[in-house]
Amino acid sequence: MRLKKHFLFIFSILYISTFVAQERKVILLEENWKFKKGNPDNAHQIDYKDNNWQTVSVPHDWAIYGPFDKEIDKQVVKITQNGEKKATEKTGRTGALPYIGEAWYRKTFTIDKKDANKKIILLFEGAMSQPKVFINGKKVGEWNYGYNYFNFDITEFIKTDTKNKLAVHLNNMGLSSRWYPGAGLYRKVQLIIKNKNSILQWGTFITTPKISENSAKVNMKTKVSNPNLILETKIKNANGLVVASLKSNTSFQNEFDQNILVKSPVLWSIENPYLYTAETTVFLDDKIQDKKTTKFGIRSIAYKPQKGFFLNGKHTKFKGVCLHHDLGPIGTAVNKAALRRQLQILKDMGTNAIRSAHNMPSIEQLELCDEMGFLFLAESFDEWAKPKVKNGYNRFFEKDVEKDIINLVHATRNHPSIVMWSAGNEVPDQWGSLGAKRAKMIQDIFHREDPTRPVTVGMDQVKATMASGFGAVMDIPGLNYRTHLYKEAYEKFPQGFILGSETASTVSSRGIYKFPVEKASMKQYDDLQSSSYDLEYCSWSNLPEDDFVLQDDNDWVLGEFVWTGFDYLGEPTPYDSYWPSRSSYFGINDLAGLPKDRFYLYRSKWNKKDTTLHILPHWNWKGREGKKTPVFVYTSFDSAELFVNGKSMGIQKKNNTSPLERYRLMWMDVVYNPGSLKVVAFDKEGKPAQEKEIFTAGKPYKLVLDANRKTIKANGKDISFVTVSVVDKKGIPCPTATNQLNFKVTGNGSFKAVCNGDATSLELFHLPKMKLFSGKLVVLVQADKKPGEIKLKVTGKSLKTATIKITSK
Ligand code: GAL
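So the sequence shown is numbered by the numbering used here: it starts at 16 and just counts up by one.
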């Protein structure tokens with residue numbers, strides 16, 4: 016009997032899914048695109064011969080394969096927002112990768128004869144940049160801003176008796192960005208085939224305006240193509256069980272407005288990111304016309320003057336990081352495995368929020384934040400009408416700003432993770448009354464499209480925004496750096512709170528330490544690296560602790576978004592006029608995703624679940640014997656004792672003498688002698704609670720591999736990130752090793768890329784060889800579509816070879 020029931024259940028699932036498939040089909044245009052750089056004549060034409068073009072899969076970033084070249088996008092500019100008074104030659108500002116120029120993508124697809132009467136939508140989630148889209152030789156539309164989602168109704172351009180030809184022209188201008196923007200169809204492209212009587216694209220808007228322990232009011236607005244339709248919404252819990260439903264036959268013009276009661280709601284939170292699914296079905300004369308599912312969360316947000324931000328009534332500070340959209344060695348081509356890894360690393364650090372600097376996030380990133388419990392600050396622009404870079408968004412602002420905001424909001428508003436919009440970052444329009452008017456105009460568009468979330472702008476010209484009224488206009492005044500102005504801004508602005516929309520911009524290179532150990536602004540060294548003692552910052556920025564003090568001592572500070580969670584391509588401050596230097600030093604984690612020391616500083620403060628005990632620097636200082644070599648400990652404990660080769664260096668306790676001493680333990684007078692460095696941390700009662708010991712290593716002897724995931728999906732996209740390090744004969748890590756390594760992947764997967772986190776390396780990410788940087792690097796191994804075993808073999812001269820097996824299912 017049980018068996019029979021089971022069988023029936025499976026049968027009904029299959030039946031429903033084939034049935035649903037007829038209502039609406041979503042086709043991912045992923046493989047077999049033809050790609051060519053340049054602008055050959057007639058490339059949009061239906062019969063254009065593209066056989067000899069390169070075959071690529073989308074998402075695709077044409078520029079990440081390099082080579083790095085200092086002449087690319089060399090900008091002789093004065094960066095006024097960095098306080099520069101004189102123009103200087105900036106190399107590597109946009110990553111020194113060949114993103115500039117025109118290119119075409121072409122793809123053939125067929126539409127089933129049965130779908131001849133259907134409506135067909137072509138959806139892009141971003142295209143870098145200025146895409147012009149053609150179907151069968153005819154132009155269907157264009158979209159200027161490379162970071163936005165856009166779609167076209169291509170019904171009238173489609174043929175069902177023959178193949179259809181899609182062609183996309185892209186054009187990236189030099190001087191159009193302040194970081195590596197990537198190039199190409201770097202996000203998903205999809206076809207949506209549905210009935211003429213159907214739910215409009217991005218036509219669903221779900222909010223949860225009233226929540227109590229017993230019930231939640233779920234408001235669902237659904238725009239449809241025809242006012243005579245009937246709409247049914249079923250709400251399913253995370254197990255797929257229907258917990259509420261409502262059928263409505265009254266639409267207001269073409270919009271249904273349903274209020275649905277969900278009993279005993281499970282709230283979406285950082286700790287328990289619980290997601291419901293709304294399944295909406297559209298009927299005409301009892302016949303199903305369309306069916307669509309939307310994930311959402313039931314949660315409340317409130318920003319209270321003097322008190323801060325509340326999620327579901329619980330006071331919550333933003334412990335956030337800013338992220339640029341590139342994924343290091345794989346560039347800007349969206350990859351969910353790479354995004355998930357970033358978020359896992361950040362979760363372990365105790366991060367609870369992400370800011371998509373300085374543009375629209377990928378849908379994949381939002382989906383992951385919904386699933387994993389991150390709050391999201393979704394940003395839109397780095398420029399409005401006034402330029403930062405000559406060919407930036409200022410060229411499109413007047414004409415496009417409204418439609419760009421509409422698409423941002425409509426495409427992403429159902430993600431519970433988004434708790435705030437950002438209308439811009441350090442826009443030069445902060446000066447003058449026209450800027451304040453623009454701020455109001457833009458914020459009003461956000462409010463009109465989404466009355467449930469506030470709007471901020473990251474402001475660096477705080478005094479100017481006080482004078483112009485700009486800062487008073489915004490729902491949430493966001494301060495970028497300017498820690499010395501927080502108090503004044505809080506008092507002068509009317510809102511009653513301040514957000515650290517961008518903080519710290521401390522610079523460091525993983526595993527590199529400089530002497531003497533001292534606090535310094537814009538410090539430069541001959542090797543173009545920055546010190547991991549975490550005491551170096553920019554002329555406009557500060558150390559993490561300056562923000563910690565503000566965050567911890569004031570409820571009216573909503574939280575912070577540190578610049579940045581990971582290093583990114585481009586903007587190699589403080590070396591932006593030095594070559595070779597092509598990626599940032601700001602990251603808490605490096606470009607390979609490996610933690611720098613700073614990771615543990617943030618973790619010691621942000622991760623309340625786990626303890627942190629981390630020592631720096633490494634203890635391999637040949638030539639520094641007998642010299643002062645300060646030791647810092649980043650820990651969640653309040654005090655600790657340090658030992659060098661068993662000899663106590665004394666106990667340090669966090670104290671209020673200075674911001675640094677409040678959050679780090681520092682032994683400034685330690686003298687280097689090879690051997691062991693040990694720290695013993697004490698609990699509140701003063702009892703030893705945890706210890707950590709590091710040792711001076713001998714010669715590099717053996718390679719060690721560690722995969723972040725040993726089982727991956729056989730879908731042609733999933734990635735295992737394998738950290739490669741080198742140890743001596745005793746197994747002690749060699750923190751200064753720079754050995755040249757080679758990689759070979761066999762079996763049902765391939766070598767995808769490699770990265771060592773060195774901002775000055777000109778080795779190419781996609782070639783299977785690279786030098787270790789500070790003893791480490793990361794190899795990306797990608798699954799094929801065929802399941803099976805994948806083997807990565809790593810070799811290096813005079814080193815014991817290592818292999819690792821990864822299973823792809
Ligand atoms: C900020 C800016 C960021 C980045 C950062 C570097 O002023 O908003 O995009 O340039 O400085 O410190």
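Note that CB positions come from ideal geometry on N, CA and C, so glycine has one too. Remember, it's a predicted structure, so these values are computed and weren't measured experimentally.
Asked                                                                                                          : Found
Distance cut-off 7 Å: Phe614 Cβ against heavy atoms of ligand 1                                                : no
When Val239, Asn166, Asp65 and Leu584 are compared against Asp605, the one with the closest alpha-carbon       : Leu584
Val695 vs Glu640 beta-carbon contact at 8 Å                                                                    : no
Close Cβ partners of Thr265 (< 8 Å) along its chain, the five nearest in sequence each way excluded            : Phe271
Three-state secondary structure (DSSP) of Pro224                                                               : strand
Any non-hydrogen atom of ligand 1 within 7 Å of His373 CB                                                      : yes
Proximal residues to Leu299 (C-beta, below 6 Å), its chain only, five neighbours per side dropped              : Asn212 and Leu244
Other residues of its chain near Ala36: CB distance less than 8 Å, five sequence neighbours each side excluded : Legend: pLDDT at Ala36 = 41, less than 50; position of this residue unreliable, value from coordinates given subsequently. Once the five neighbours on either side are set aside, Ala36 has no close Cβ partner at all.
Within 8 Å, strictly: CB atoms of Asn763 and Lys784                                                            : no
Cross-strand partners of His184 (DSSP beta bridge)                                                             : Trp119 and Lys147
Residues near Arg356 by beta carbon distance below 7 Å, same chain, minus five either side                     : Gly608, Asn723 and Phe736
Endpoints, alpha helix (DSSP H) assigned at Val424                                                             : Phe412 to Thr427
Cβ neighbour criterion (16 or more within 10 Å) applied to Met375                                              : buried
Contact check, Met681 vs Pro632, beta carbons under 8 Å                                                        : no
Short Cβ contact (8 Å threshold) for Pro344 with Cys770                                                        : yes
Limits of the alpha helix (DSSP H) - the one that His462 falls within                                          : Ser448 to Glu464
The region 357-370 in contact with the region 610-624 per 3-pair CB rule at 8 Å                                : yes
Span of the alpha helix (DSSP H), counted from its first residue to its last, around Ile666                    : First-last for Ile666: Lys662 to Lys668, but that is the beta strand (DSSP E), not the alpha helix (DSSP H).
Check whether Leu791 and Ser740 have beta carbons under 8 Å apart                                              : Checking the sequence, you will find Lys at residue 791 rather than Leu. The answer is yes: Cβ separation under 8 Å.
Terminal residues of the alpha helix (DSSP H) in which Glu560 lies                                             : Pro559 to Asp568
beta-carbon Ser556 near ligand 1 non-hydrogen atom, thresh 7 Å                                                 : yes
Start-to-end residues for the beta strand (DSSP E) that takes in Arg39                                         : Arg39 to Leu43
For Ser72 and Lys502, the rounded distance between their alpha carbons                                         : 51 Å
Cβ shell of Gly156 (< 7 Å), same chain only, five flanking positions each side left out                        : Val148 and Phe167
Contiguous beta strand (DSSP E) assignments of at least 3 residues, all confined to the region 663-733         : 680-682, 691-697, 703-710 and 717-722
Thr480: CB within 7 Å of a non-hydrogen atom of ligand 1                                                       : no
Length of the line joining the Cα atoms of Phe788 and Thr170                                                   : 53 Å
Beta-carbon gap between Ile727 and Ile821 smaller than 8 Å                                                     : yes
C-beta atoms of Met143 and Tyr80 nearer than 8 Å                                                               : no
Of the residues Glu533, Asn670, Ser673 and Ser654, the one placed nearest Pro703, counting alpha carbons only  : Ser654
Neighbour-count burial assignment, Lys100, 16 or more Cβ in a 10 Å radius                                      : exposed
Where Lys351 sits in the DSSP three-state scheme                                                               : helix
Separation of Lys452 from Pro492, as counted between CA atoms                                                  : 15 Å
Spatially closest choice to Tyr552 from Lys643, Leu628, Lys538 and Lys529, by CA coordinates                   : Lys538
Cutoff 6 Å; reference Gln145; Cβ partners in own chain excluding five residues on either side                  : Asn159 and Asn186
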